[in-house]
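Undergrad: Protein sequence lines, in the order shown, are assigned to chains Z and D. Residue numbers are given in our numbering: position 38 of the first sequence equals residue 38, and the series is strictly consecutive. Residue numbers are given in our numbering: position 323 of the second sequence equals residue 1323, and the series is strictly consecutive. Structure incoming, see below.
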Amino acid sequence: MAKSTSTPSYDSEGRELIVKVEGLQKYFGKNHVLKGIDLEVFKGEVVVLIGPSGSGKSTFLRCLNFLEDPTTGEIGIGGVHVTCGSRGGGFKRAVHEIRMKCGMVFQEFNLFPHKDVTENVTEGPILVKREKKEAAIKKAQALLTKVGLAERMDYFPSQLSGGQKQRVAIARAMAMDPVLMLFDEPTSALDPELIGEVLKVMKDLAAQGMTMIVVSHEMGFSREAADRVVYMDDGYFIEQGPPSEVFFHPQDDRTKRFLRHILPEKEPEHAKELGIVAVDQELPDPDAVPLQGPAGDALNEDNLADTAIPKIPLSDGPMGEAPLPPGDEKL
Amino acid sequence: MHRRAGFASSGLFAALLALVLTALSPVALATSSASPSPAAAAAAPKGVPIVLGVIPDPTGQRTKWSGDLINVNLDLNGAVLDAGASTVTVNGEQITLSTPASLVYLAPANPTLQMLWNDPKFAKGEFTFEISLVSEKGAPLQIYDAANNKVVDKYSWTFKSAGEASGGSLINFDVMKTWFWYIAAGSIVTVELTIISIALACLFALFGSLGRLSKKMTFKQAWDRYQSREYMFRMVLGRIPYWIATFYTSLFRGTPLLLQIFVIYQGAPEVIKAFGLPDTYNPPAFWSGVAALSLNYGAYLTEVFRAGIQAVPKGQNEAAWAIGLSGWQTQRRIVLPQALKIVIPAVGNDFIALIKDTSLVSVITVEELLRRAQLAGSASLNNFSTLLVAAAFYWALTIFFSFWQAKLETRMARDKAREKEKGKK
């Protein structure tokens, strides 16, 4: 069931309520991924989601514009309200409206490889918003200038670097004039030297007052641009607050444990200040899949600490009581 | 982008189109060489057969005769002939034929009275042939001699043979030379069949694959999730394309192509009769063949297209949905163009296979390469030679189209290579 509410709510500072999520749950078959999530985001707010792999960050983001079909809950974005879990008459229409109000940027860019940069950006406005081609191209030009790719307009995605691709993807999402931008790990697939150019575009967007929900472990970006950081684990929002609070004075044990892994890598200076010892500089990304199969077989207890990171969350110590990888059970 | 489109339209495509257009009436080619002059047809009284040409041909280039075959090419002009009762004399002596004289149709409108004799001792020297025709009712028929513009009771001609043609050898170049252009014209029908059928097959495959991919979840999953009778009802309706497509691919991949050809050509009139429609209807052989070939290949290509669509990364769908494109817009603008590029090698492969499978429609009298080779073989009594000619044509056709297919694929590969190189930036 969907209905459009014409009376938006406002927060104490008089900012318009853009996103209102209530009791959002998502099952993949019997796998309970989101266990009841509430979120309010006001106009101009930048919310950063962090959390270990499998905690449901991406799923939550994808539920917001119905790339995943939420099992139950309420989603309201930009005045369009949808009750999930049923397929009532206006469902499709409301989903379409919500998708027009959300821009989404993917980890893997997902540019259309058979279309050049301009066509990638104008595809939505021309097909969905029925804009005139000339107007759409003019707008694309303005957006591409903004992301620093004005001279790449007739290139194909295969001729661009990862960072350039992601910036085109941001321009493509912005071309639909969204009220909310969703970023699903926008820098995770990029080489380290290319991350900066994408983050800069995102910071510019935030500075211009765009409402954003970002799944990212880029601490620098969060500290500079985020209004709120949300730590998510096991399908729940565990803890949220301003970045300085959540990063450096976390309250919940699970947040602390997670940050103990991620801080030394991402923010070595701060980690030192806080007395967090680098667990191991060789630590793979917490998002990496735990080693399994033949690789696991090659491990023994001596080098286990160096190579294998078992499933997060870990127990108290940095590496204590870690469950062994499957191949090691017989040792 | 533009360069590629230009290549497709200007080169291969234009050539194929021209081929189809010039050959759209396969019958015209076969008959044009032997069609009666309008004057002759006008001069001949109704019911008097007109002689159009003879073998051994006294006016032609060939000077050898093996003493085996006598052909009289006729325009029946309304007469009904009893071919078996017609007689022929050589040098005034009535000869005994090795098989009764019969009418064969080397082209549909081009009946030929064929007499087999097989007496090589007559291979050299001068021969005077004289034929007399008998109508179906047993009465002698007059014959119109177009060359001399008169009606005669017996038609006669003289042939001076320089000796035995190499009829006895297995590979007879004279036979090949004689029938070459007749068989060559069949290759045009073959190409026509192939191109029309593959085009229709791609169309069937497009809809078939979309039907096959229209199933998003099982009924049980849908019920568990939505618990809505109304939704389930709409889901049943939405499942119909999937069922049709599945039935289609299963049926046409599960039965032999030859059987499908017979069912469509011979079964269709019976079905029409059963529904009380005019029972004189006969399906055109050519289009029956096209129907069978395109339906059969469409079923195989359905699975190829399905795989091609599924090979397009899921992220492409999601990116399109995320900017608000509808399901159909996503398919048409984003997924299908990319899937097309993926399936081109497989379609090219099936195209090559189809060229050879068109030979199966020779069984329903479509005069393509194989059928013509068989007709020429029975007329010349040297099947091996004429079949070799047909084989050469099939081989040449596949080499020709394989060349273009390889060229097309190289272009694709080149694009991929460029992508790889630039992807590393």
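In this text, a Cβ means the ideal position worked out from N, Cα and C, and glycines have one as well. All values reported here derive from a predicted model rather than from experimental measurement.
Name the chain Z residues that come within less than 8 Å of D:Ser-1228, Cβ to Cβ?
TA: Ser-86 and Arg-87
Undergrad: Compare the C-alpha of Z:Glu-134 against each of Z:His-96, Z:Arg-223, Z:Thr-122 and Z:Lys-200 and name the closest.
TA: The shortest C-alpha separation from Z:Glu-134 is found at Z:Thr-122.
Undergrad: Are the stretch 1332-1350 of chain D and the stretch 1238-1256 of chain D in contact at 8 Å, needing three or more beta carbon pairs?
TA: no
Undergrad: Could you pull the start and end residues of the alpha helix (DSSP H) that D:Thr-1302 belongs to?
TA: Counting along the chain, the alpha helix (DSSP H) containing D:Thr-1302 begins and ends at 1285-1311.
Undergrad: Kindly say whether D:Glu-1318, judged by its beta-carbon, lies nearer than 8 Å to any beta-carbon of chain Z.
TA: yes
Undergrad: Which partner residues of D:Trp-1157 appear in the DSSP bridge assignment?
TA: D:Phe-1129
Undergrad: Given that Z:Gly-124 touches chain D, what residues does it touch there, using C-beta distances under 8 Å?
TA: For Z:Gly-124, the neighbours in chain D by C-beta distance under 8 Å run, in chain order, Ile-1323, Gly-1324 and Leu-1325.
Undergrad: Please state whether DSSP places D:Lys-1215 in a helix, a strand or coil.
TA: coil
Undergrad: Between the Cα of D:Ser-1086 and the Cα atoms of D:Pro-1056, D:Ile-1143, D:Asn-1118 and D:Ala-1043, which residue gives the shortest distance?
TA: D:Ile-1143
Undergrad: Indicate whether at least one CB of chain D lies closer than 8 Å to the CB of Z:Ala-173.
TA: yes
Undergrad: What is the residue span of the alpha helix (DSSP H) that D:Asn-1118 lies within?
TA: Taken as a continuous stretch (DSSP letters only), D:Asn-1118 belongs to no alpha helix (DSSP H), as it is neither H nor E.
Undergrad: Quick one, which of D:Phe-1219, D:Asn-1110 and D:Phe-1305 has its alpha-carbon nearest D:Leu-1206's?
TA: D:Phe-1305
Undergrad: Using a Cβ-Cβ cut-off of less than 8 Å, list which residues of the stretch 110-124 of chain Z approach chain D; keep chain order.
TA: Asn-110, Leu-111, Phe-112, Pro-113, His-114, Asp-116, Glu-123 and Gly-124
Undergrad: From this set, Z:Gly-124, Z:Ala-171 and Z:Ile-137, which residue's C-alpha is nearest Z:Val-147's C-alpha?
TA: Z:Ala-171
Undergrad: The alpha helix (DSSP H) spanning Z:Arg-172 covers which residue range?
TA: Z:Arg-172 -> alpha helix (DSSP H) spans 162-174.
Undergrad: Report the start-end ranges of each alpha helix (DSSP H) in the stretch 38-81 of chain Z that is 4 residues or longer and not cut off at the edges.
TA: Counting only runs of 4 or more, we get 57-64.
Undergrad: For a quick check, are the C-beta atoms of Z:Val-19 and Z:Ser-222 less than 8 Å apart?
TA: Not a contact, by the Cβ cut-off of 8 Å.
Undergrad: Kindly list the residues whose CB is nearer than 7 Å to the CB of Z:Tyr-10, restricted to its own chain and excluding five residues on each side of it in sequence; keep chain order.
TA: Residues of the same chain with a CB within less than 7 Å of the CB of Z:Tyr-10, apart from the 5 flanking positions on each side, are Glu-16 and Leu-17 in chain order.
Undergrad: Can you list, in chain order, the residues of its chain whose CB lies under 8 Å from that of Z:Lys-165, leaving out five sequence neighbours each side?
TA: Phe-109, Leu-111 and Pro-157
Undergrad: Name, please, each residue of chain D whose Cβ falls closer than 7 Å to the Cβ of Z:Arg-99.
TA: Trp-1321, Ala-1322 and Gly-1324
Undergrad: Under 8 Å, do Z:Met-181 and Z:Gly-124 count as touching if we go by C-beta distance?
TA: no
Undergrad: Who are the Cβ neighbours of D:Asn-1317 in its own chain at under 8 Å, not counting the five residues just before and after it?
TA: Thr-1330, Ile-1334 and Val-1335
Undergrad: For the alpha helix (DSSP H) containing D:Gly-1377, list its first residue and its last residue.
TA: 1369-1380
Undergrad: Which first and last residues belong to the beta strand (DSSP E) in which Z:Met-181 is found?
TA: 180-184
Undergrad: I'd like the span of the alpha helix (DSSP H) that includes Z:Glu-22, first residue to last.
TA: Taken as a continuous stretch (DSSP letters only), Z:Glu-22 belongs to no alpha helix (DSSP H), being part of the beta strand (DSSP E) at 17-28.
Undergrad: Identify, in the order they occur along the chain, each residue of the same chain with its Cβ nearer than 7 Å to the Cβ of Z:Tyr-155, setting aside the five sequence neighbours on each side.
TA: Contacts found: Asp-116 and Val-117.
Undergrad: With contact counted as at least three CB pairs below 8 Å, one residue from each stretch, are the stretch 228-242 of chain Z and the stretch 34-44 of chain Z in contact?
TA: yes
Undergrad: What residues of chain D sit near Z:Phe-106, judged by a beta carbon separation below 9 Å?
TA: Gly-1315, Glu-1318, Ala-1319 and Ala-1322
Undergrad: Name the residue from D:Tyr-1300, D:Gly-1092, D:Thr-1190 and D:Pro-1337 whose alpha carbon lies nearest to the alpha carbon of D:Glu-1130.
TA: D:Gly-1092
Undergrad: By Cβ distance below 6 Å, which residues in the same chain neighbour Z:Ala-225 in space, the five residues on each side in sequence not counted?
TA: Contacts found: Val-46, Lys-203 and Ala-206.
Undergrad: Alpha carbon to alpha carbon, how far is D:Val-1347 from D:Ala-1396?
TA: 19 Å
Undergrad: Return no unless some Cβ of chain D is closer than 8 Å to the Cβ of Z:Leu-67.
TA: yes
Undergrad: Rounding to the nearest angstrom, what Cα-Cα distance links Z:Glu-13 and Z:Ile-213 in this structure?
TA: Cα to Cα, Z:Glu-13 sits roughly 20 Å from Z:Ile-213.
Undergrad: Buried or exposed: which applies to Z:Ser-216, given that a residue is buried once 16 or more other Cβ atoms fall within 10 Å of its Cβ?
TA: buried
Undergrad: Suppose the cutoff is 8 Å on Cβ atoms and the five residues either side in sequence are ignored; what does the same chain contact list for D:Ser-1378 look like?
TA: Val-1104
Undergrad: Assign D:Phe-993 to one of two classes, buried (16 or more other C-beta atoms within 10 Å of its C-beta) or exposed (fewer than that).
TA: Residue coverage of chain D in this structure runs from 1001 to 1425, which leaves residue 993 of chain D outside it and unanswerable.
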